[in-house]
Every structure is written in C-alpha cells, then in structure tokens.
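Below: the structure, in structure tokens.
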Ligand code: HEM
C-alpha cells in the first residue's frame, strides 16, 4: 500500500478513536486496550517508513496529528520548541515515541525521562555531578579516546555501527565510575542497548516469552549496577541522591540508563554521523584537517583551549546533529484536555494524552531553516533542538560532554590516525534504528 494511503487510513482510525475515548475514558481498561491496538497498527508502518510517515502526515494533515497510542505528534520547529520548554512537565515512562511497557527490562526503575517531581530533580543532580566539563578534563578524555582508537588501529578497521558504541561504553564507565569494563561486559551492555525495543512489549512477553533474548541482558544490568557500588565515586553519588530521597537502586539504575541509553546510544550515533559527513564532503574535511593541525601545532597533548578553538569542528557537529538528530522524539503528557483542529474536523483529546515533539521534523522545518535538507555549517544554531533545547529542566545534561567527546575524537582521528578507504555512507531515516551510517567502515585504519 502506498504511504499516503497508509497515513490517511491511520488518520481516519485515530479520528474515530478520539471520539470513542471521549466516551469510554482515556485511561479506562477499554480505553487503554483501544489505544494499544492503534499503537501497534501505526507502529507497524512507522517502524519501516518513519520519515515518509512524518512527512506525508505533515503534508496531508497538518503540523500536528494523532499517531501511535493517540499521541499528538508536533512537527514544526516553533511548536516543538514550545513543548520542550513547558515547565514543569508531566512525564510517563516513555522513550520518545516508544512506550516502555516492560519495567522488568529496566529492573523496575523508571527512565529519568519518565520521572516527575523530586525524583526527577534528584536524578538531574546526580547526572550533573557525574558528567565532567570536557575542557577541564581534556588530557584525560583525550587519552581515553586515543586508547580506543589504538585498539581499532590494531584491528586495521573502524566500524561505525559496531565499534563506536563499544568505545563509548568504555569511555563513559571510566568517566562516571572509574571502572574498566571487560570485553564480555561491553558485549552484554551493547546487547542491552540493541534489545531495548523489546521493552516496548507487554511485561510478560519481555520477561517470560522472550527470556532467551532478555534474560542475559537483564542479569547483566543487575550485576553491573551492583558493580557500580564498588566505584570510588559511588559514595558521592549516594550522598547527592540521598538529599532527594533516592535509594541505592534508583541511583545505580538511573546512572546505568544515563550511560547506556542517553550517553552511549546518542553520542555514538552522532559521532558516526559526523565521521560519515566528513567522509563524504572533501572540502569540509580539508577545512577540518587544517583546523585540527593548527590546534595540535606539533604538541604531544591537547591544551585546555583545544575545544574552544575547534570552530569548524563544532559547527560541523551542530549541523550534523540538526540533519541527523540522534534522538528523534521527545515525549510528555498533556496536563489538561483539549481539542485538536484538522481543518473541518475538530477532535477532542484527553488529559494524559502523550504530546510528542518530532525533532527530526522540526530540524528540517522550512519555516525555520532555509534549504533545510542541505548541509550548511554557517547556520544559526542558537535554538537547535537536537539536545532538547536549552536552559530548562529537561534539556540534555550530557550536551557539552557529548559535543566535547566528538570534538576530541575528530582531533585525534584527523591528526594521529589514517585510513586507506571507506565503504558506503548511508543513513536509514526510514527505520527506527539509530540515526547513523551504521555500515560505514574506515578500512586500513592505522596510527600515523
Ligand atoms: C555523553 C553523552 C550524553 C549523556 C550522558 C546524555 C544524558 C542525558 C540524560 C541523562 C537525559 C535525561 C535527562 C532528564 O531525564 O531530565 C538526556 C536527555 C536528552 N538527551 Fe542526552 N545525553 C548525551 C548525549 C546526547 C546526544 C548526543 C543527544 C543528541 C544529539 C542527546 C539528546 C538528548 C535529548 C533530546 C534529551 C531529552 C529527551 C526527553 O526529554 O525525552 N543527548 N540526555
């Protein structure tokens, strides 16, 4: 079936459901069941044709439309920004568009994204304590990056989809806990991230029917969160968390999610995209190389101004994050009922309805960005939405570390390493997999 037909069918289904929900109740047993049905029906299409679904719905229905579990997807830059800035936000345990229906996968600890009130304030305090300022730790971070790249050089290749998440897991565990993960632990952590979509299935399916896939990674999570408690940094996190009545289980699990879901998945995807962009664009790559050489200036280690002087690299990271946002959706719950207007049709929506912001759509909104699909590092990035905006309670706390780490990777890659060739660079924006050129390999990868 053509995508337009699929989108229109989904729209009709959702419009009909909105009046049914007004009658039977949004959160009644029947309301939940009816929403779950449309959730899986829409997800079936969106999992395979995500960008086409969003673009077609925007073109044919409008900037806002119902989708998945009768959530309202916002697509314009202005409205997504406005959504992000709502304070305080009411959250459900959702990872963007994905609903976490199997708490067992997360050892019954909600994602910080789904926390509210003091629990969320406490989680933020622990994050801010755990995440260092990159410019003040440049030598330390540089050594961690260099160690990872040396391992890739020993193998003779750098594989974007396979190697970068492993590197990021290693680096973030060192930074946050000063612990070294063994190779089997890195594999298990990576499997945990890869199998996260299984947490969107009902709990009994994830926990029992799919035990063969989930059992080992859940066990790994249990073991690793216990290991965190042996870290030299543990007592300081415990002290901070206790001020907000967070217990040991909440603190270790919340840091597990910070490292695995937010940190590793997000940063390795964006780093992979930056490498992909620089492989394809020779002119930009040459500018970056000349900036990198000027920053090293023949020295052995990077100095504290290295990041500040990385002007072109920084703009390249921001423009890549705009075109290929590592996180595609943000989600919150509506705090009151209302009505959504589809031209002639007006539909009620209920309190508790999910309000989704599509960062992918907002970042390519022609009303905000001229020629939105083209790559241009000279744009105004002051209101970039890729890290959930700026200066509010839900903005990404890892933004400067993520940008700093990617910057340091570029400084090492283009000064200390070389490669003979690279394979095809392709982003799969239609799939709900990571937004990164997963199959890209730098071949003949070696230290200079
Ligand atoms: C070192 C790397 C990173 C760390 C440690 C990190 C950490 C986090 C954490 C803990 C949250 C949850 C905040 C909360 O619950 O209040 C978060 C939110 C977020 N992060 Fe990051 N992040 C990193 C990299 C990235 C990257 C590379 C991107 C995208 C380019 C990104 C985009 C976002 C977005 C959009 C949110 C908001 C999600 C929502 O509210 O639904 N993050 N980040």
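Residue numbers (our numbering): 64 to 511. For each residue, glycine too, the CB sits at the ideal point set by N, CA and C. From a predicted model like this one, the values you see are computed outputs, not experimental measurements.
* **CB of residue 354 within 8 angstroms of CB of residue 373, strictly** => yes
* Asked: Nearest CA to the CA of residue 334: which residue from 420, 473 and 312?
  -> 473
* **Buried versus exposed call for residue 168 [16 or more other C-beta atoms within 10 Å across all chains shown]** => So residue 168 counts as buried.
* C-beta atoms of residue 477 and residue 503 nearer than 8 angstroms -> no
* To do: Evaluate residue 489 with the Cβ neighbour count: other Cβ atoms within 10 Å of its Cβ, from every protein chain shown; 16 or more gives buried, anything less gives exposed.
  => exposed
* Asked: CB residue 322 to CB residue 236, shorter than 8 angstroms?
  -> Against a cut-off of 8 angstroms, the Cβ pair of residue 236 and residue 322 comes out as a contact.
* Does DSSP put residue 85 in a helix, a strand or coil? -> helix
* Is it right to say residue 157 is buried, meaning 16 or more other beta carbons lie within 10 angstroms of its own, or is it exposed? -> buried
* Asked: At a cut-off of 7 angstroms, is residue 335 close to the ligand HEM when judged by its beta-carbon and the heavy atoms of the ligand?
  -> False, no ligand heavy atom lies under 7 angstroms from that Cβ.
* Asked: Taking C-alpha atoms, which residue in 459, 301 and 383 lies nearest to residue 393?
  -> 459
* **Distance cut-off 7 angstroms: residue 205 Cβ against heavy atoms of the ligand HEM** => Every heavy atom of the ligand HEM is 7 angstroms or more from the Cβ of residue 205, so no.
* Since residue 408 is in the beta strand (DSSP E), which residue starts that stretch and which ends it? -> 408-412
* To do: Please report how far the alpha carbon of residue 256 lies from the alpha carbon of residue 176, in whole angstroms.
  => 16 angstroms
* Asked: Where residue 142 and residue 420 are concerned, what is the direct C-alpha to C-alpha distance, given to the nearest angstrom?
  -> 8 angstroms
* With hydrogens ignored, establish whether the beta-carbon of residue 397 is closer than 7 angstroms to any heavy atom of the ligand HEM. => no
* Counting only the same chain and skipping the five closest in sequence on each side, list residues whose C-beta sits under 6 angstroms from that of residue 121. => 138
* To do: Under 6 angstroms Cβ to Cβ from residue 73, same chain only, skipping five residues before and after it: list those, please.
  => Cβ neighbours of residue 73 beyond the five flanking positions: 105.
* From 350, 369, 400 and 399, pick the residue whose C-alpha is nearest to that of residue 379; which is it? -> 350
* According to DSSP, what are the bridge partners of residue 35? -> Any question about residue 35 goes unanswered here, given that the chain covers just 64 to 511.
* To do: Enumerate, from N- to C-terminal direction, the unbroken alpha helix (DSSP H) stretches of 4 or more residues contained entirely within the stretch 281-333.
  => Within the stretch 281-333, the complete alpha helix (DSSP H) runs of at least 4 residues are 297-305 and 311-320.
* To do: Round the Cβ separation of residue 423 and residue 221 to the nearest angstrom and send it over; I've been treating them as touching at under 8 angstroms.
  => That belief does not hold up - the Cβ atoms of residue 423 and residue 221 are roughly 26 angstroms apart, past 8 angstroms.
* Delimiting residues of the beta strand (DSSP E) encompassing residue 395 -> 392-396
* To do: Quick one: using the 10 Å Cβ neighbour count with 16 as the cut-off for buried, is residue 152 buried or exposed?
  => buried
* To do: Verify the contact flag: residue 410, CB atom, against every heavy atom of the ligand HEM, threshold strictly below 7 angstroms.
  => no
* To do: Just the C-alpha distance for residue 343 and residue 227, rounded to the nearest angstrom, thanks.
  => Spanning the alpha carbons of residue 343 and residue 227 requires a straight line of approximately 19 angstroms.
* Considering residue 126, what are the terminal residues of the alpha helix (DSSP H) in which it resides? -> Where residue 126 is concerned, there is no enclosing alpha helix (DSSP H), given that its DSSP letter is neither H nor E.
* residue 500 and residue 339: beta carbons closer than 8 angstroms? -> Going by beta carbons, residue 500 and residue 339 fall inside the 8 angstroms limit.
* **beta strand (DSSP E) runs wholly inside the stretch 218-258, at least 3 long, in chain order** => 220-222
* Asked: Cα-Cα, which of 281, 240 and 330 is closest to residue 298?
  -> Checking every option, the nearest Cα to that of residue 298 belongs to 240.
* Asked: Any heavy atom of the ligand HEM closer than 7 angstroms to the Cβ of residue 495?
  -> no
* To do: Please name the residue, chosen from 388, 411, 306 and 449, that lies closest to residue 144 on a Cα-to-Cα basis.
  => 449
* May I have the straight-line CA-CA distance separating residue 520 from residue 93, to the nearest angstrom? => Since the displayed the chain opens at 64 and closes at 511, residue 520 lies outside it and no answer follows.
* Asked: Is the CB-CB distance between residue 291 and residue 193 below 8 angstroms?
  -> Not in contact: residue 291 and residue 193 (Cβ atoms no closer than 8 angstroms).
* To do: For residue 102, count neighbouring C-beta atoms within 10 Å of its own C-beta (all shown protein chains included) and say buried if the count is 16 or more, exposed if not.
  => buried
* Near residue 310, what residues of its chain come up, given a Cβ to Cβ distance below 8 angstroms and the 5 sequence neighbours on each side ignored? -> 304
* **Start and end residues, beta strand (DSSP E) containing residue 504** => 504-506
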